[in-house]
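Here my numbering is used: the first residue of the sequence shown is 40, the next is one more, and so on. We put the beta carbon where it would ideally sit given N, CA and C, even for glycine.
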Amino acid sequence: MLLRLLAGFGLSLLVGGLGYWRRSLSLSGWLGAVLIGTLTVGCGSWAWGWLIILFFASSSLLSKVGKRRKAAVALDKFSKDDRRDLWQAMANGGIPLITALGYAWQPHFAWWALALGATATATADTWATEIGTLSKGRPFMLTTFKQVERGRSGAISGLGMAATSLGALLIGLSAWGLTSLGLGNGQEPQVWFVVAATIGGIAGSLADSLLGATVQQMRWCDHCASETERTIHKCGNQTRHYRGLAWLNNDWVNLISTGAGALVALLIAVLAN
Ligand SMILES: [Zn+2]
40 MLLRLLAGFG LSLLVGGLGY WRRSLSLSGW LGAVLIGTLT VGCGSWAWGW LIILFFASSS
100 LLSKVGKRRK AAVALDKFSK DDRRDLWQAM ANGGIPLITA LGYAWQPHFA WWALALGATA
160 TATADTWATE IGTLSKGRPF MLTTFKQVER GRSGAISGLG MAATSLGALL IGLSAWGLTS
220 LGLGNGQEPQ VWFVVAATIG GIAGSLADSL LGATVQQMRW CDHCASETER TIHKCGNQTR
280 HYRGLAWLNN DWVNLISTGA GALVALLIAV LAN
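Structural data, given as structure tokens:
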């Protein structure tokens, strides 16, 4: 375990540094990556850590796709730029980290199932946002089925749903592949990994959209008369709270939805075992 801790530290320092250099991570986001990487690899397994690296690398790559077309939407709607900070890292990697600690304390497939569902949700949801924003059609709200403008929190599109499913499936197949290579630290490859990650990831991602459409904090810019997640709008104007719960920002929504995905994956794991 000490050797894996050290190796996890080295690897996450490197991958996080690459992310910092490529402007995918802020300095505090790099710290988050090192914490998450060291503890998931050290306390969980290599498979645990590689799945998170896969999430991070694929999300960073996808965020660069269609950058110009996305910039207009992202600047207007989303709360932060595409450099992830410590809180964003924890919102996505917090559950894999805690479950890895649990696995070191009491090795059980339940911890691994929870981590799978959480990582699949984080991946599926980020893929949906990054690819769904490129959709040519107008997305619709999950709650009302009304069409809304692109980039709106809680809105889903056909392209976004396809990306969600693919992202979740990728995590499931990778989990199976990594454990087949003997990197599971006691977890032997099982078909349920693929099912739990795919269904857990899709469910968690839908939970994210549902929260975005209902209780997530949304702000309003009086100057531009538009909805945004930002405290300071792109125009420089201070925005005001407009709907949703004031404390429930995007990071909390991510943490809750990775938790929901984790629980669905656990349910499938329990049914399969
Ligand atoms: Zn404005």
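TODO: With distances taken Cα to Cα, identify the nearest neighbour of W166 among G199, I307, A194.
DONE: The residue among G199, I307, A194 with its C-alpha nearest the C-alpha of W166 is G199.
- [ ] Kindly indicate which three-state DSSP category E169 falls into: helix, strand or coil?
- [x] Three-state result, E169: helix.
TODO: Identify which residue in L212, S102, W126 has its Cα closest to the Cα of T237.
DONE: Looking at L212, S102, W126, the one whose alpha-carbon comes closest to that of T237 is L212.
- [ ] Give, in chain order, every unbroken run of the beta strand (DSSP E) that is at least 3 residues long and sits entirely within the stretch 229-289.
- [x] Correct list: 257-260, 265-267, 279-282.
Task: First and last residue of the uninterrupted alpha helix (DSSP H) at S174 - done: Taken as a continuous stretch (DSSP letters only), S174 belongs to no alpha helix (DSSP H), as it is neither H nor E.
- [ ] May I have the straight-line CA-CA distance separating S244 from S296, to the nearest angstrom?
- [x] Looking at the two C-alpha atoms, the distance is approximately 7 Å.
Task: Same chain only: Cβ atoms within 8 Å of T101, ignoring 5 sequence neighbours per side - done: Note on identity: in this sequence residue 101 is Leu, with Thr being the wrong assignment. Hits under 8 Å: T165, W166, E169, I170.
TODO: Report all residues from its chain with a CB closer than 8 Å to the CB of G176; omit the five preceding and five following residues, and keep chain order.
DONE: The residues are S196, G197, L198.
TODO: Compute the minimum distance between the beta carbon of H262 and the heavy atoms of ligand 1, and state whether it is under 7 Å.
DONE: Within 7 Å of the C-beta of H262 there is at least one heavy atom belonging to ligand 1.
Open item on the list: Is K273 near ligand 1 - that is, is its Cβ less than 7 Å away from at least one heavy atom of it?
Closed with: K273: yes, Cβ under 7 Å from ligand 1.
Open item on the list: Quick check on G58: buried or exposed, where buried means 16 or more other Cβ atoms within 10 Å of its Cβ?
Closed with: The residue in question, G58, is buried, as its Cβ has 16 or more Cβ neighbours within 10 Å.
Task: Contacts around S219, its chain only, beta-carbon distance under 6 Å, and the 5 residues preceding and following it disregarded - done: Within the same chain, S219 has close Cβ partners P228.
Task: Euclidean distance between Cα positions of S248 and D261 - done: S248 and D261: Cα-Cα distance of roughly 25 Å.
- [ ] State yes or no: is the C-beta of N289 nearer than 7 Å to some heavy atom of ligand 1?
- [x] No; taking the cut-off as 7 Å, the Cβ of N289 has no heavy atom of ligand 1 nearer than that.
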